[in-house]
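These notes are about the structure you will find just below.
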Amino acid sequence: MEFLFILLPVFGIFAIGFIGQKTLKFDIPNLSKLTLYLMSPFLAFNTFYTNPLTMDYFYLAIYIFVLCLSLILLVSVISFLLGYNVQDRCALILASAFMNNGNYGTPVVLLVFGAAGLDIAVVLMVLQQLAMSTIGIYFAAKGSKDANGMKTVMTRVVRMPIAYGALLGLMLQLLHIPLPSALMTCVKLVGDAAIPTIMIVLGMQLAVISFRRIELDKVGIALVLKLLIAPFIAFGLTLILPVDEMTKQIMILLAAMPTAANTTLMAVQFDTKPDLVSSTTFISTVLSIITLPIVLYFLHPVF
Numbered sequence: 001m002e003f004l005f006i007l008l009p010v011f012g013i014f015a016i017g018f019i020g021q022k023t024l025k026f027d028i029p030n031l032s033k034l035t036l037y038l039m040s041p042f043l044a045f046n047t048f049y050t051n052p053l054t055m056d057y058f059y060l061a062i063y064i065f066v067l068c069l070s071l072i073l074l075v076s077v078i079s080f081l082l083g084y085n086v087q088d089r090c091a092l093i094l095a096s097a098f099m100n101n102g103n104y105g106t107p108v109v110l111l112v113f114g115a116a117g118l119d120i121a122v123v124l125m126v127l128q129q130l131a132m133s134t135i136g137i138y139f140a141a142k143g144s145k146d147a148n149g150m151k152t153v154m155t156r157v158v159r160m161p162i163a164y165g166a167l168l169g170l171m172l173q174l175l176h177i178p179l180p181s182a183l184m185t186c187v188k189l190v191g192d193a194a195i196p197t198i199m200i201v202l203g204m205q206l207a208v209i210s211f212r213r214i215e216l217d218k219v220g221i222a223l224v225l226k227l228l229i230a231p232f233i234a235f236g237l238t239l240i241l242p243v244d245e246m247t248k249q250i251m252i253l254l255a256a257m258p259t260a261a262n263t264t265l266m267a268v269q270f271d272t273k274p275d276l277v278s279s280t281t282f283i284s285t286v287l288s289i290i291t292l293p294i295v296l297y298f299l300h301p302v303f
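Using full-length UniProt numbering, you'd call the opening residue of the sequence shown number 1 and step up by one each time.
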């Protein structure tokens with residue numbers, strides 16, 4: 001039951017966006033731009049500024065980026081074999097390679113592992129933000145309908161401020177530069193607002209999806225990669241990386257999380273098949289009610 005109580009706020013916020021879009025007809029691309037360009041950089045800055053950098057970052061960074069790149073490689077091979085175009089491939093990457101280890105994964109880790117596990121989950125959330133704000137933005141821009149070559153793609157990536165917010169926060173932390181409490185309160189308020197706004201925009205996007213046009217074959221591929229293959233890749237990485245047993249279990253559990261809601265923002269902003277990405281995000285979140293307890297069942301004997 002506790003697991004379901006974690007999910008209720010998630011689906012509740014989705015519902016707010018869904019109902020709001022059905023009744024008030026918001027401009028989704030502009031809301032997406034607001035979140036990506038104005039709010040998310042503050043979230044990235046606050047995350048990297050307030051979480052101390054330790055040696056654990058190095059091993060967990062290897063885990064995050066190897067897991068992400070492995071899924072990207074699998075999507076690329078599948079896309080080649082099935083003859084998918086660049087936009088299909090990039091949309092599948094957004095739907096498959098990035099996990100929701102923030103507003104979903106972190107509470108689950110806290111429930112299962114307690115406060116000790118929460119510290120690890122927060123570090124992984126930080127690193128996942130970095131991966132999404134660089135690799136994720138790259139593929140979102142590359143899959144855009146009006147992407148004209150690598151120069152255009154890289155220009156869009158460079159203009160995205162999320163990574164700069166993260167790097168500035170990390171730099172100020174390493175230089176031990178204190179910031180006024182009033183300024184940090186402002187940063188935290190804007191950053192914290194980004195998370196529910198991202199979820200509301202996902203709910204809005206679900207409201208405008210034509211379910212008759214959902215490409216079930218591609219959604220199915222993304223779901224298998226995200227909910228089934230990703231945990232097995234994570235398990236393989238736990239056999240290699242020199243981390244403790246609890247960290248290994250958290251790595252596997254977070255790899256089994258559904259698709260990150262941020263990817264819907266990216267898909268909407270760059271028009272990289274947002275219906276495919278948002279429907280995969282929503283369906284993977286619903287299916288995780290079944291898949292995550294199964295993962296937890298296999299991890300349970302370790303404790």
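Cβ atoms here follow ideal geometry from the backbone N, Cα and C, with glycine treated the same way. Just so you know, these numbers come straight off a predicted model, no measurement behind them.
Can you tell me whether residue i is buried or exposed? The criterion is at least 16 other CB atoms within 10 Å of its CB, across all chains shown.
i: I135; result: buried
i: G169; result: buried
i: I64; result: buried
i: R89; result: buried
i: F18; result: buried
i: L276; result: buried
i: T23; result: exposed
i: S98; result: According to the sequence as given, residue 98 is Phe; it is not Ser. Counting Cβ neighbours within 10 Å, F98 comes out buried, since at least 16 surround it.
i: I221; result: buried
i: A141; result: buried
i: V108; result: buried
i: F113; result: buried
i: G102; result: buried
i: K25; result: exposed
i: V187; result: buried
i: K273; result: buried
i: P52; result: exposed
For residue i and residue j, I'd like the C-alpha separation in whole angstroms.
i: M132; j: T263; result: 8 Å
i: L228; j: L237; result: 15 Å
i: T185; j: G191; result: 10 Å
i: V302; j: Y104; result: Any reading at V302 must be qualified, since the residue scores a pLDDT of 45, below 50, and its modelled position is unreliable; no value is offered.
i: L74; j: L94; result: 13 Å
i: A194; j: Y49; result: 17 Å
i: T259; j: F282; result: 8 Å
i: N46; j: L175; result: 15 Å
i: Y138; j: A91; result: 11 Å
i: Y57; j: V123; result: 7 Å
i: G12; j: R213; result: 25 Å
i: residue 319; j: N100; result: As displayed, the chain neither begins before 1 nor continues past 303, which places residue 319 out of reach and without an answer.
i: L81; j: L225; result: 16 Å
i: I177; j: N85; result: 47 Å
i: A54; j: Q173; result: Looking at the sequence provided, one finds Thr at residue 54 rather than Ala. One C-alpha to the other measures close to 12 Å.
i: Y286; j: S181; result: Reading the sequence as shown, one finds Val at residue 286 and not Tyr. Their Cα atoms are separated by approximately 39 Å.
i: I294; j: V10; result: 20 Å
i: M246; j: A121; result: 11 Å
i: Q205; j: L253; result: 27 Å
For residue i, name the three-state secondary structure that DSSP assigns.
i: M99; result: strand
i: T259; result: strand
i: F218; result: Just to set this straight, residue 218 is Lys in the shown sequence, not Phe. It is helical.
i: S144; result: coil
i: G169; result: helix
i: D244; result: coil
i: M251; result: helix
i: L292; result: helix
Among the residues of its own chain, which have a CB less than 7 Å from the CB of residue i, if the five just before and after it don't count?
i: S32; result: V201, L265, V268 and Q269
i: S79; result: D88, R89 and L92
Please look up how many angstroms separate the CB atoms of residue i and residue j, rounded, as I've assumed it's under 8 Å.
i: A234; j: M251; result: 5 Å
i: Q21; j: A261; result: The pair is not a contact, with the Cβ atoms about 15 Å apart (cut-off 8 Å).
i: I162; j: A44; result: 5 Å
i: S279; j: V219; result: 6 Å
i: Q128; j: A166; result: Not confirmed; about 11 Å, so no contact.
i: M39; j: T197; result: 6 Å
For residue i, I'd like the list of residues in its chain whose CB is within less than 6 Å of its CB, leaving aside the five on either flank, ordered along the chain.
i: L299; result: Q249
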